[in-house]
Every structure is written in C-alpha cells, then in structure tokens.
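Working notes, beginning with the structure itself.
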Amino acid sequence: MKKFYLSFLFFVIALCAAGFTACAQSQDTKEDGGKVEPHSHILVYEDGVSPTCTESGIAGYNICEGCGKFFSAQTGEEIEQPETLPALGHSYLRLVPRVEPTCTAEGTEAYYECERCGALFSGETGEEISEDELVIPELGHIWQFSRVLSPATCVSPEMDEYVCLRNGEHTMTKELNSLLRHSYDQGVCTMCGKPETEGLEYTLQGDCYVVSGMGTCTDIRLHIPYTYNGRPVVGIADEAFLGNTSIISVTLPDTVRSIGYYAFSDCTSLRDIDFGEGLIEIDGLAFVGSSITRVDLPDSLTIVDGFYGCEELESVSFGRNVVEILSSAFEYCNSLEYIDIPSSVYRVGSFAFAHCANLREVDFGGSEIESLENFMFYESPSLESVDLSGTSTEYIGNSAFYTCSSLSQVLLPDTLEGIDVQAFYNCSSLKSIDLPASLRYINAVAFSGAGLTSVAIPAATVSINKNAFSRCPELVEFNVEEGNPVYHSDGNCLINTAEKMIVLGCEGSVIPRDESVIGIYSWAFDGISNLTELYISEHMTDIDIFAFVYCGNIQKIEVAEGNTVYCAINNMLVLRESKYVIRACADSVIPSDGSILGLCDGAFTGCAVKNVYIPACIKFVGPNSFDDCTQIESITVEEGNEHYYGAGNCLMERDASGETTLIKGCDNSYVAEGVDIIRHEAFKDCDFKSITIASTVKEISSFAFQDCTQLTEIIFEGTVEEWNAVEKGDGWDINTGEYVVRCVDGIVEKSAA
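Read in order, the letters of the sequence shown correspond to residues 19 to 771 in this note's numbering.
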C-alpha cells in the first residue's frame, strides 16, 4: 500500500511539472491577436454530461484558468476538445402487451418501453409514439331491450330495462315519454283517481263551451274536462292562459278541436301538453314563450302552426295526416336538433324553421312538397344536412338556407327546376353540391359566399344570374355539360356562348385571350382574391364597370395594343373614349395631364390604397369608387377642381345648387364646416375613436358610420337641438361602439342619437 501511494504522488508531481513547464515555455496567440503571457497551468475540473439514448454526452475534463486549454482528466495530456461520448441508443427490454378496451374503459396497444428514458415504441411498427397514440377508445355500450320494469299509466311513463350486449352486468333504465291518456268517468280518472280540473272559466259558443281563463282554479296540472254544464268543451280561447307562470302540464280531451292565438303564450313553466285526438287547429303563437319540450301531434291535425318561439322544444312528432306546416310554425325553436317531415306534407311555409339555433338535420322523406318556401331555414347556423332527394320539389325559394353556415350536405331531387335569390347565401361549409339534370335556372347570389370548390352546370340550365356564385373563396373550377345551348366553360370561366361574354369567374379562372370572348358581365369577378394580373386582349370590347369590383389584389393591368376600346394608364383599366377608369390597383396614381377625366363607380373598391389624390381634371368620382378601401391615410384634391375639393382629410363634392356632400373619409378625418350631407357608407369600417362633425351638417345618410366599432365619441359643433334635427338614414350608426355625442350645450347617448 505504501508503494502505491508513493507511485501516485510521483505521478501527480510529474503531471503538474509537465503542465507548468508547457505553459511557461510558450506564448499562445489569443483570438483577438494578442499574446498570452507565459504562466503555469492552473487546472480546474469540469463535470461532463452523461449521454442519453438519443443525445451524445461529454466526458469530464480539466481546463486551465489562465489560457483556457483543455486537458484529459485521465492522462493529463492536452486535448483540443473534451471527449464526446456517443448516444447510448434505446434499449427495448420491456414489452407491454395490448390491453383490450371495454364498454367503459379505454385500452392500449402493445408497445415497447425503453428502460433508460421511458420512450414508447409501437409494438407493431417499432416507431416511437406518444401515450395518446397508444390509446384505444372505449367501446361504449350496445344496449338491448331486456324487460319492462313498470308499465305506463296516466301519471307515470313506462320504465324499461336495457342490458349491454358486451357486458351483461351493465344495465340501463330508460323512461319512455308517452303516458296513457286519462280515462274519465263522471269527472274522475278510472286509473289514477284524479278528478278533472275544476274552477276554470268557460265561454259559451253556440251549443259548446271553450275554456277562456283560469277562473278560480289553482291547479298547476290542468286536466281539461270533456264537458261543462252538460255541453262539450271544444276549444281553448285566445289568450286563455296568457302569462300564467304556474301551469306545468295540460291534458286536453278528445273533444277539444282548436287552440286559440296566444292561448298558452308566456306560460314559462309549461313543459308538457297532451293533445286530444280530436284537435284540428292550433292558431299562431299559441305556445310562444312556453317551456314545452316535446310535441306529439295527433293524426286529426292536418295543418300545423303555433310553436313559434318555443325555445325549449326538443322534439316534434307529426301525425299521419299532416299536409301543411304554416309559416313561422317552428321559428326560433332553438332546442330542436332533428326534424323528420312526413311524406304526407305537400307544403312548408316561409320561415317555418328559421332561426333554429341548434337544428342539425332535416329529412323530407319523400314528401310531396313542391317548393321550399322563402326563408324556410333562414339563419339556422347549426343545420348540417338536408335530404330532398325523394321529394317532388321543383323550386328552392329566396334565402331558404341563408347563412346556414354549417350546412355541408344537400341532396337535391331530380325534379328541381329553379334555385332562387340567396338560396344558399353564405353557406360556407357547403363544399360541393350535385345540381340535378332538371335544373333550368339559378338566380342572383344563389350561392354567393358558399364554400364550393367546383361547380358542374347541367345541360338543361339555361339561365344563370351574373353573380350567382360570387365571392366563393374556394371555388376554382367551372364545368358545363356538353349540349348546353347557352353556356360553355373555358379557363374555368362560365361563358355565354352566343354573346361571347364571361358570366362568372372564380379563383381558378384564366380569361381567354382569343375572340371567343369579347366582354365581361357585371360582378363576374366580384371579390376574386387570386386575380393579381389582368390582361385585356384586343378582342375585348364590352367590359362592365363592375366586372372586377372588389378585386383588391390586382397588381398589374395590361391591355393589348390593338384594343380600340380600352387602354392601360398607370396600372389602370381606362375607357379610351370617355377617359374614365374602370379598374385600378393599390399603387395606381391618377395623372394630372387630362388623360383621365373620371372614376367609374367601384374603380378602387377593395384596394389597399393609402393616399388618394384627385387631380383638377377629374370631373366625376363614382359614389362607391373607394368602397372597402380601409387603409386610406390621406385624401387630397388638387386646387382648381371645379367639382370636388378636400377638407378635413375627406373628399367633398359640390353640386350645381352649391350643396356639399362628403363622399369619402378615413381614419384621420373630421367633418369640416360647410358640409351639408355625409353620404352613404362615407366612413364605413373606419377605426377612429372620435370624430368631429361641423354644425352645418343637415343629413347623415344610411350606413354612413357602419362598422366603426371603435367609435366612442362624436363631437358635434352645434347644440343638442341641432343634432336632433339632423336627418339620419336607416342604420347610419349600425355596429358602432357605444359612443356619446358631445354637443356645445350637452351630451346625447347613443340610444337617443
């Protein structure tokens, strides 16, 4: 042992001597070019980094405090860099077998687990996976009816037991909604012993009575009697129970034939109603504001109405003989999720299922319905699927599916001939639709804003409105069936063959340059975002001023030299004869040399133009020339212009009578003295919080400040009386912030403005 210690001591002394000597005999150069003075190494040990399965490590090493050189911790020799220790790699020693899922518990796939790092690997592919990827979802129950636990009575529903086919130990009890009807004998139910409701108010009509009010009755469960004073009870009068918040259920006898207007309106506690088998009429708004959750309509009822505004209504079962559902019958029934229209129905009225917030699916099941009336499913945002395939429907009405934003599947019948205005407007989830061979016409904006990616036009379709498919941001393809006598497609443009006019374009359109196309209809390329370059061939002679409205991404406009109708000036499409601009780009500058005299309506719509300059030579600016130009920072008019001038960073127009109209403003505007009228949408979408308006203003047109969501203050340089005297158009301040109007003698709140 003594010999070992002596040997180790000599080794350490020799190592230090070597280090001191090496450092003292050399002058190293620093990175910045300076010299390291000779010194003795002072070594400091640095711990290494252990390698992992996937990452390399570093062995422990010594480093000189003076010069930063590295030395091996084992041999003491100088090294360039600390030793790199290779990654260890995974060790697959533990196989975890598959765990099967059950009805109520998740399972896991077989996998390997690394003993070093705990990483998981698929037992099938060997690829590394996460814990979530191993999970096998629980199977869920498969219920099968087992037995009746208790039969239905007139006061309690049938209770049934169901057993899971996967695990017989799992059972479920299900309550059926239907009750047996009371069976009355001399005013008392023979099954439950409950008497018919007493104390109600009645009105004699001919030889019969109708219930007209609560009278002295205090019951909360009403059992309307078959007779009163020996005469049959045949109806519930208008407003009979209007506003009664105590009633929770109503049972009607088979003698009741009608329920009047507002009969159970605002009965907020009413959840259950049992209609008699003799009911033939429910008047409009009979149950508005009630809390009924389920409706089972009798076979005697052929025309359905009266459930407008039943926001708790979850399910509807129609009788076998129903033929018509009237307008607004189920409008604002926000808890309805599914509707099955019986085959006996031949008509469903307008707004019948409009504003049903949670309605998801509608099946018309081969009904004889001839048309989908206007606004039938208007603004029902959860509607996903509608099946009309087995019906005799010939026509889909105006706004029938307007803004049904979740609608993804529509099955159309082979009898369909027409689709009306806005029928599928803003149906953004509708990616595809098969138009039947019978279809003859598609009206204005029928599919505007839909999520369609391609459209196939049948040969029989001979009338398509110019903006039927406008603003479909994902539409890239138009195809027309061979044999169509009116239309064909080329370059993903829909073209009127005889007139040689482009009817519709899409995001995938390429405008043909040959003589097969000589013009473009209005709104054909409305809002097309992919249109960045516009080339007008020499054959083009008839382009509507609204053909490229809201095409805000156009960056380059060219016109063939041989074109005699149009030319390009400063990246603008210009009519040669009138010198008016049809379409401009964000970087277009209107020259002052008289080569341009006017701006057609819509010339700059949707452009990201920042600085608007109107030269003195401009004689006309279309009222909507700068619509949707939300990035304007300045508006300037050259001195000497006889028709327009700039003030308060706004564009003004003088008319022959001397009246001044503010046409367009921006975020940095104020309404200067002398302005008489603020035009329609003049400040639409502006982001200002405050704006000053001169007392000379006498009229603010409709939608003038629409969507100025940041607006909190209007400074009016006149009195409250003068502000109230200003004529204000419909929706002038729609969707603005909660502003106040500060007048010289007081404040006017938005609600009173």
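Note that beta-carbon positions come from the ideal geometry of N, C-alpha and C, so glycine has one too.
Check, Outcome
"Just the Cα atoms here: how many angstroms apart are residue 728 and residue 456?", "50 Å"
"Can you name, in chain order, every residue of its own chain whose Cβ lies under 7 Å from the Cβ of residue 107, other than the five neighbours on each side?", "71"
"For the segment 681–761, list the alpha helix (DSSP H) runs that are entirely contained and at least 4 residues long, ordered along the chain.", "738–743"
"What does the Cβ neighbour count give for residue 50, buried or exposed, with the cut at 16 atoms within 10 Å?", "In this prediction, residue 50 scores a pLDDT of 49, lower than 50, which makes its location untrustworthy; no coordinate-derived value is stated."
"If you count every other CB in all the chains shown that lies within 10 Å of the CB of residue 699, and 16 or more means buried, which is it?", "buried"
"Count the other C-beta atoms from every protein chain shown that fall within 10 angstroms of the C-beta of residue 346, then say buried if there are 16 or more, exposed otherwise.", "buried"
"With DSSP collapsed to three states, give me the class of residue 164.", "strand"
"Just checking, does the segment 254–269 make contact with the segment 284–303 on the three C-beta pairs under 8 Å criterion?", "yes"
"Touch check for the segment 417–434 and the segment 382–398: three-plus C-beta pairs under 8 Å?", "yes"
"Checking 8 Å against the spacing of the C-beta atoms, do residue 252 and residue 245 come in under that value?", "no"
"Which residues mark the beginning and the end of the alpha helix (DSSP H) in which residue 452 is found?", "Per DSSP, residue 452 belongs to no alpha helix (DSSP H) and is neither H nor E."
"Alpha carbon to alpha carbon, how far is residue 388 from residue 409? Give it in angstroms, no decimals.", "8 Å"
"Please name the residue in 714, 709, 672 whose C-alpha comes closest to that of residue 685.", "709"
"Which whole-angstrom value is the C-beta distance of residue 452 and residue 430, which I expect to be below 8 Å?", "7 Å"
"Considering only residues of the same chain and omitting the five flanking positions on each side of residue 566, which have a CB-CB separation below 6 Å?", "543, 601"
"Taking one C-beta from the segment 534–542 and one from the segment 556–574 each time, how about it: are there three or more such pairs within less than 8 Å?", "yes"
"Expressed to the nearest angstrom, what Euclidean distance is found between the alpha-carbon atoms of residue 380 and residue 442?", "16 Å"
"For residue 616 and residue 510, I'd like the C-alpha separation in whole angstroms.", "32 Å"
"Out of 344, 134, 158, state which residue places its alpha-carbon closest to the alpha-carbon of residue 118.", "158"
"In three-state DSSP terms, what is residue 240?", "strand"
"Could you please give the first and the last residue of the uninterrupted alpha helix (DSSP H) stretch that includes residue 827?", "Nothing can be reported for residue 827, as the shown portion of the chain is limited to 19 through 771."
"Whole angstroms are fine: how far does the CA of residue 200 sit from the CA of residue 210?", "8 Å"
"Would you kindly work out how many angstroms separate the C-alpha atoms of residue 28 and residue 58, rounded to a whole number?", "Low confidence applies here, because residue 28 scores a pLDDT of 36, under 50, leaving its location unreliable; read the following figure in that light. Cα to Cα, the separation comes out at about 19 Å."
"Go through its chain and collect everything with a Cβ distance to residue 24's Cβ below 8 Å, but skip five positions before and after it.", "Legend: pLDDT at residue 24 = 33, less than 50; position of this residue unreliable, value from coordinates given subsequently. Answer for residue 24: no residue qualifies."
"Which residue from 142, 550, 479, 134 puts its Cα closest to that of residue 126?", "142"
"Around the Cβ of residue 190, are there at least 16 other Cβ atoms within 10 angstroms (buried) or fewer (exposed)?", "exposed"
"Return the CA-CA distance between residue 664 and residue 654, expressed in angstroms with no decimal places.", "6 Å"
"Flag this pair as yes or no: are the beta carbons of residue 60 and residue 84 separated by less than 8 Å?", "yes"
"Which one or two residues does DSSP pair with residue 342 in a beta bridge?", "321, 365"
"Leaving out the 5 sequence neighbours to the left and right, which residues in its chain are closer than 7 Å to residue 67 when beta-carbon positions are compared?", "75, 76"
"Tell me which residue opens and which closes the beta strand (DSSP E) that residue 497 is part of.", "495–498"
"Could you tell me the alpha carbon to alpha carbon distance between residue 523 and residue 495, rounded to whole angstroms?", "9 Å"
"Going straight from the alpha carbon of residue 293 to that of residue 272, what length do you get?", "8 Å"
"Quick check on DSSP: helix, strand or coil for residue 375?", "coil"
"Among residues of its own chain, excluding the 5 on either side of residue 164, which ones have a beta-carbon nearer than 8 Å to its beta-carbon?", "178, 179, 180, 181, 189"
"With a 10 Å radius around its C-beta and 16 neighbouring C-beta atoms as the bar for buried, classify residue 217 as buried or exposed.", "exposed"
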